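Numbering (this note's numbering), first residue to last: -14 to 508.
In this text, a Cβ means the ideal position worked out from N, Cα and C, and glycines have one as well.
None of the values given here were measured: they were computed from a predicted structure.
These notes are about the structure you will find just below.
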């Protein structure tokens, strides 16, 4: 299966994460996988709704208005290091909770909801506990808001619960180690929505093409390049700068995030760095973005090979950013591998990648959401049997730039998961070829494992005017741009000198022309 390349590097060996699986091996895994019967029925229902062109919220629910769509938060029963009361205070998430409650309960008080997840609950158990229908289009009037934010680590509130809930609802997740990090994120969202923080109308694309590497060759040529060429036609008032192959360096990505030039949306495609269980680098660097500088079999060097949480500077200015990372483990790591049967544990416990945590909890204003992958990412999510399949990615981006909430924009991935999983189950029952089963299995799991880290109700923070119309008086950001490096300062001064020299030459030429036009008696 030439389209099933996995994007992931083993930092301990410098080689790929796992050997390439054969079609037969993947098909065998899919046939032996167990799917909860009720969840399978939900997927079939959702697939049927798709064919009727139905979206997750009921037809009368406006997904852009929280007073109509509703907003809820799902807490764990307990948290390590702090109490639930402290988490809900202004020293934690309090500002965001008050902000969402004010809007969501504007017309109907119950459209804002605080829930508690109890250990071991499935999606259906959870919804039944709140006397809410377990399938069908979402109507917040039936007891559960459309937008739901999970607050908890994936060991306490499992990824599987999030995947199942996300088929029906718009779901995001946040989890941080300290109350201060929760408070920073809450402040970022509230200030972005109340103080009109505006990033430039720009979608930046960054895609590596590592030497001799088929996976990044595909993602750069068949995902990043065509997306960056397609988007300007659909959004002519937006800029789409693109850094590919040799330009997709760590330094260039760092400039996008750290030096005050962050776009409204950043879309990256690369390998994600991975490590075996118990490796001391795993928690800090798993899911960090492998840059153009990486070479196969090279010793892991966090300073040159990857962009990680450690590379985000204290003075960075990316408040309001939304990022999408096509990379293995870009959002998180499960305890067990979702794609390979009989493999030993990937980690001591499932966890969130540090990079999205650091992006959202930046003390001077963070990103609003990170969309990334749990477990490994496969190239056949955008190319199947040699044919580009970009509509899901295109629809997601168009939804974002049209200022739909990120949770609603992700419906296209959830829809794809529902349809592919249903088709895969049917293909297994009909005893179709291993090739068909393997393809449907990896594509459905790939679509399912994209998730939102952040509040699913956030929207991009952009100006209402095009970049050409933005002046220094109406372009507003919360923080001043980060200080430039000495090299950048020297270059800027040299540019000024060059412009002044050009101006002097132009004035001298103009003066000479005037002299030539004067009568000789006045010369």
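Quiz prompt | 6 Å CB neighbourhood of residue 227 in its chain, flanking five on each side removed | solution = Mapped onto the chain shown, residue 227 falls at position 242. Excluding positions up to five away in sequence, the list reads 190, 213.
Self-check item: Collapsed DSSP secondary structure at residue 158 in the structure displayed
Solution: One-based indexing of the chain shown puts residue 158 at position 173. Residue state, collapsed to three classes: strand.
Quiz item: For residue 239 versus residue 193, is the C-beta distance shorter than 9 Å?
Solution: Looking up residue 239 in the chain shown gives position 254. Looking up residue 193 in the chain shown gives position 208. Their beta carbons are not under 9 Å apart, which means residue 239 does not touch residue 193 by this criterion.
Quiz prompt | Entirely enclosed beta strand (DSSP E) segments - the stretch 298 to 331, minimum 3 residues | solution = 307 to 311
Practice problem: Check whether the stretch 335 to 354 touches the stretch 165 to 177, taking contact to mean three or more Cβ pairs, one atom from each stretch, closer than 8 Å. | Solution: yes
Exercise. Work out the CA separation of residue 199 and residue 364 for me, nearest whole Å.
Key: Translated into the one-based positions of the chain shown, residue 364 becomes position 379. Translated into the one-based positions of the chain shown, residue 199 becomes position 214. C-alpha separation (whole angstroms): 10 Å.
Exercise. Quick one: measure Cβ to Cβ for residue 354 and residue 439, integer angstroms, because I've assumed they're closer than 8 Å.
Key: As a working note, residue 354 is residue 369 in the chain shown. As a working note, residue 439 is residue 454 in the chain shown. Between residue 439 and residue 354 the Cβ distance is about 3 Å, and since that is below 8 Å, they are a contact.
Quiz item: Whose CA, out of 352, 61, 397, 389, lies closest to the CA of residue 374?
Solution: On the chain shown, position 389 is the one that residue 374 refers to. Among 352, 61, 397, 389, the Cα nearest to that of residue 374 belongs to 397.
Quiz item: Taking C-alpha atoms, which residue in 76, 395, 179 lies nearest to residue 153?
Solution: In the chain shown, counting from the first residue as 1, residue 153 sits at position 168. Nearest option by C-alpha distance: 395.
Quiz prompt | Alpha carbon of residue 251 to alpha carbon of residue 500, nearest angstrom | solution = Against the chain shown, residue 251 aligns to sequence position 266. Against the chain shown, residue 500 aligns to sequence position 515. Each residue's Cα considered, the two are about 54 Å apart.
Exercise. Helix, strand or coil for residue 42, going by three-state DSSP, please let me know.
Key: Numbered from its first residue, the chain shown carries residue 42 at position 57. Residue state, collapsed to three classes: strand.
Practice problem: Please state if the CB of residue 247 and the CB of residue 301 are separated by a distance shorter than 9 Å. | Solution: Mapped onto the chain shown, residue 301 falls at position 316. Mapped onto the chain shown, residue 247 falls at position 262. In contact: residue 301 and residue 247 (Cβ atoms closer than 9 Å).
Quiz item: Is the stretch 123 to 133 in contact with the stretch 87 to 96, if contact means three or more CB pairs nearer than 8 Å?
Solution: yes
Quiz item: Taking C-alpha atoms, which residue in 286, 437, 321, 157 lies nearest to residue 315?
Solution: Numbered from its first residue, the chain shown carries residue 315 at position 330. Nearest option by C-alpha distance: 437.
Quiz prompt | Pairwise C-alpha distance: residue 418 and residue 411 | solution = As a first step, residue 411 is located in the chain shown; it is residue number 426 there, counting from the start. As a first step, residue 418 is located in the chain shown; it is residue number 433 there, counting from the start. Approximately 12 Å between the Cα atoms of the pair.
Exercise. Could you tell me the boundaries of the beta strand (DSSP E) in which residue 99 lies?
Key: Residue mapping note: residue 99 aligns to position 114 of the chain shown, counting from 1. That run of the beta strand (DSSP E) goes 97 to 102.
Practice problem: Compare the beta carbon distance of residue 207 and residue 401 with 9 Å and say whether it is the shorter of the two. | Solution: Your numbering for residue 207 matches position 222 in the chain shown. Your numbering for residue 401 matches position 416 in the chain shown. Not a contact, by the Cβ cut-off of 9 Å.
Quiz prompt | Proximity test, Cβ basis, 9 Å: residue 172 and chain B | solution = Looking at the structure shown, chain B is missing, and only one protein chain is on hand.
Self-check item: Residue environment, residue 563, which counts as buried when at least 16 other CB atoms sit within 10 Å
Solution: Residue coverage of the chain in this structure runs from -14 to 508, which leaves residue 563 outside it and unanswerable.
Quiz item: For residue 81, does the three-state DSSP call read helix, strand or coil?
Solution: Counted from its first residue, the chain shown places residue 81 at position 96. Note: residue 81 maps to helix in three-state DSSP.
Practice problem: Give me whichever residues DSSP pairs with residue 191 in a beta bridge. | Solution: Looking up residue 191 in the chain shown gives position 206. Bridge partners of residue 191: 228, 253.
Self-check item: CB of residue 69 within 9 Å of CB of residue 108, strictly
Solution: Walking along the chain shown from the start, residue 69 turns up at place 84. Walking along the chain shown from the start, residue 108 turns up at place 123. No, these two residues do not count as a Cβ contact at 9 Å.
Self-check item: Range covered by the alpha helix (DSSP H) that runs through residue 174
Solution: The residue you call residue 174 lines up with position 189 of the chain shown. Start and end: 164 to 179.
Practice problem: Within its chain, find whatever has a CB closer than 6 Å to the CB of residue 99; leave out the 5 residues flanking it on each side and keep chain order. | Solution: Numbered from 1 along the chain shown, position 114 holds the residue referred to as residue 99. Hits under 6 Å: 58.
Quiz item: Looking at C-alpha atoms only, which residue of 261, 332, 444 is the closest neighbour of residue 387?
Solution: Within the chain shown, the letter at position 402 stands for residue 387. Answer by Cα proximity: 444.
Practice problem: State the Cα-Cα distance for the pair residue 430 and residue 144, rounded to the nearest angstrom. | Solution: For the purposes of this step, residue 430 is taken as residue 445 along the chain shown, with counting starting at 1. For the purposes of this step, residue 144 is taken as residue 159 along the chain shown, with counting starting at 1. Near 13 Å, if we compare the C-alpha coordinates of residue 144 and residue 430.
Quiz item: In chain order, what residues of the same chain lie with their CB nearer than 6 Å to the CB of residue 55, ignoring the 5 residues before and after it?
Solution: Locating residue 55 in the chain shown gives position 70, where the first residue counts as 1. Excluding sequence neighbours, residue 55 sits near 89, 96, 125, 130, 131.
Self-check item: Bridge partners - residue 134, DSSP secondary structure assignment
Solution: For the purposes of this step, residue 134 is identified with residue 149 of the chain shown, where counting begins at 1. The partner list for residue 134 (beta bridge, DSSP) reads 58, 157.
Quiz item: Under the DSSP definition of a beta bridge, which residues are partnered with residue -7?
Solution: On the chain shown, position 8 is the one that residue -7 refers to. In DSSP, residue -7 forms a bridge with 257.
Exercise. Hey, could you find the ends of the beta strand (DSSP E) residue 439 is sitting in?
Key: Mapped onto the chain shown, residue 439 falls at position 454. Its beta strand (DSSP E) spans residues 435 to 439.
Quiz item: With C-beta atoms as the reference, is residue 136 less than 9 Å away from residue 60?
Solution: For this step, residue 136 is matched to residue 151 along the chain shown. For this step, residue 60 is matched to residue 75 along the chain shown. Their beta carbons are under 9 Å apart, which means residue 136 touches residue 60 by this criterion.
Self-check item: Beta-carbon contacts of residue 409 that lie in its chain and below 7 Å, excluding the five residues immediately before and after
Solution: Position 424 of the chain shown, counted from the start, is the residue given in the question as residue 409. Non-local C-beta neighbours of residue 409 in its own chain, meaning closer than 7 Å and more than five positions away in sequence, comprise 15, 422, 425, 426, 429, ordered along the chain.
Exercise. Return the residue from the list 447, 296, 140 that minimises the CA-CA distance to residue 306.
Key: In the chain shown, the residue the question calls residue 306 occupies position 321. Among 447, 296, 140, the Cα nearest to that of residue 306 is on 447.
Exercise. Note down, in chain order, each residue of its chain lying with its Cβ closer than 6 Å to the Cβ of residue 165, except the 5 sequence neighbours on either side.
Key: For this step, residue 165 is matched to residue 180 along the chain shown. Around residue 165: no qualifying Cβ.
Quiz prompt | Three-state class that DSSP yields for residue 377 in the structure shown | solution = Here residue 377 corresponds to residue number 392 of the chain shown, with the count starting at 1. In this structure, residue 377 counts as helix in the three-state DSSP scheme.
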